[in-house]
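As structure tokens, the structure follows; a few thoughts come after it.
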Amino acid sequence: MSLSLIPGQKLIAATHNPGKAREISALLDDRFEVIPAGELGLPEPPETEVSFIGNAILKARHAAMKAGMAALADDSGLSIAALDGDPGVYSARWAGPYKDFDRAIEVIEHKLRLAKEAKGDGYTTRAFFTCALAVAWPEGHACVFEGRVDGDIVFPKRGDKGFGYDPIFRPDGHDMTFAEMDPEAKDAISHRHLAFEQLRKALF
Ligand code: ITT
Numbered sequence: 158m159s160l161s162l163i164p165g166q167k168l169i170a171a172t173h174n175p176g177k178a179r180e181i182s183a184l185l186d187d188r189f190e191v192i193p194a195g196e197l198g199l200p201e202p203p204e205t206e207v208s209f210i211g212n213a214i215l216k217a218r219h220a221a222m223k224a225g226m227a228a229l230a231d232d233s234g235l236s237i238a239a240l241d242g243d244p245g246v247y248s249a250r251w252a253g254p255y256k257d258f259d260r261a262i263e264v265i266e267h268k269l270r271l272a273k274e275a276k277g278d279g280y281t282t283r284a285f286f287t288c289a290l291a292v293a294w295p296e297g298h299a300c301v302f303e304g305r306v307d308g309d310i311v312f313p314k315r316g317d318k319g320f321g322y323d324p325i326f327r328p329d330g331h332d333m334t335f336a337e338m339d340p341e342a343k344d345a346i347s348h349r350h351l352a353f354e355q356l357r358k359a360l361f
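Per my numbering, the sequence shown runs over residues 158 to 361.
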């Protein structure tokens, strides 16, 4: 079988995160008939893998097999150097069952204050966002692509656009946080955009 995506074909967006779903559909640029997983009542599978790539494949395969059509999944997160890479693959979990990112950001601020005291001159504000995008077909084949954008963690949080950890992440080369940028500006440089560039080259 050919591992490619044909313009106009149906594609499940295997995400239950509305912020991601918006960015994914902007990046797909109306090229496919995108069906959100929630619309089909597909359940969210437990994310049991320990890598972004592993979880992206798991979510895409789960949706493709349940729906009987190709599915695209995104597993992503923020890795903070001073927290030894946390929250990383646990980025969603730090927000708890009610997806409270104000709370998750407060937890990060608290942990960074402790890390600054402990690490002294070794303290750094460096961080990066990772996005792994997986496409899976119902027969079980899957492809995965990864993008990363580096930057710094800034406090206090700034901006009310975007979602998740956007208000505390300032990408390299910019003065604004992701949450202060217009959606098009974030979509032009984000980890999700970089993963999509590879996906587009390989599958379109
Ligand atoms: P799905 O699994 O249904 O796609 P999720 O929110 O659980 O939704 P993840 O497991 O990939 O997704 O969790 C990644 C978390 O990292 C996500 O909840 C966001 O809060 C955060 N995150 C990922 N990309 C981000 C971005 O571009 N800006 C801000 N936060 C982001």
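Cβ atoms here follow ideal geometry from the backbone N, Cα and C, with glycine treated the same way.
Since this is a predicted model, take the numbers as computed values, not measurements.
N- and C-terminal bounds of the alpha helix (DSSP H) containing residue i
i, result
"Gly343", "The sequence as given places Lys at residue 343; Gly does not occur at that position. It spans 340-346 - the alpha helix (DSSP H) in which Lys343 sits, taken as one unbroken run."
"Lys256", "No alpha helix (DSSP H) holds Lys256; DSSP gives it neither H nor E."
"Ala178", "175-185"
Residues bridged to residue i [DSSP beta-bridge criterion]
i, result
"Thr287", "Gly234, Arg305"
"Lys167", "Glu190"
"Ile214", "Partner(s): none; Ile214 has no beta bridge."
"Phe326", "Ile310"
"Leu229", "Ala170, Val292"
"Pro244", "Ser236"
"Ala299", "Ala293"
Outcome for residue i when other beta-carbon atoms lying within 10 angstroms are tallied against a minimum of 16
i, result
"Lys358", "exposed"
"Arg349", "buried"
"Ala221", "buried"
"Phe285", "buried"
"Thr205", "exposed"
"Val207", "exposed"
"Arg327", "buried"
"Ile214", "buried"
"Glu180", "buried"
"Ala217", "buried"
"Ile262", "buried"
"Tyr322", "buried"
"Gly330", "exposed"
"Ile237", "buried"
"Ile169", "buried"
"Lys167", "exposed"
Proximal residues to residue i (C-beta, below 8 angstroms), its chain only, five neighbours per side dropped
i, result
"Ser161", "Leu360, Phe361"
"Asp317", "Pro324, Ala336"
"His173", "Ala194, Gly195, Glu201"
"Ala272", "Ala239, Leu240, Tyr280"
"Lys276", "Ala239"
Cβ-based neighbour list, residue i, same chain, cut-off 6 angstroms, excluding 5 preceding and 5 following
i, result
"Thr282", "Asp309, Ile310"
"Ala183", "Asp344"
"Phe312", "Glu266"
"Gly304", "Cys288, His348, Leu351, Ala352"
"Leu197", "Ala224"
"Ala210", "The residue asked about is misnamed: residue 210 is Ile in this sequence, not Ala. These residues qualify, in order along the chain: Ala289, Val301."
"Asn212", "Glu204, Glu206, Asp232"
Chain-order list of residues whose beta-carbon lies under 7 angstroms from that of residue i (same chain, five-residue window excluded)
i, result
"Ile346", "Val306, Pro328"
"Lys177", "Asp231"
If you measure from each residue's Cβ to the nearest non-hydrogen atom of the ligand ITT, which ones come out under 5 angstroms, in chain order?
This criterion selects Thr172, His173, Asn174, Asp232, Ser233, Gly234, Ser248, Ala249, Gly321, Tyr322, Asp323.
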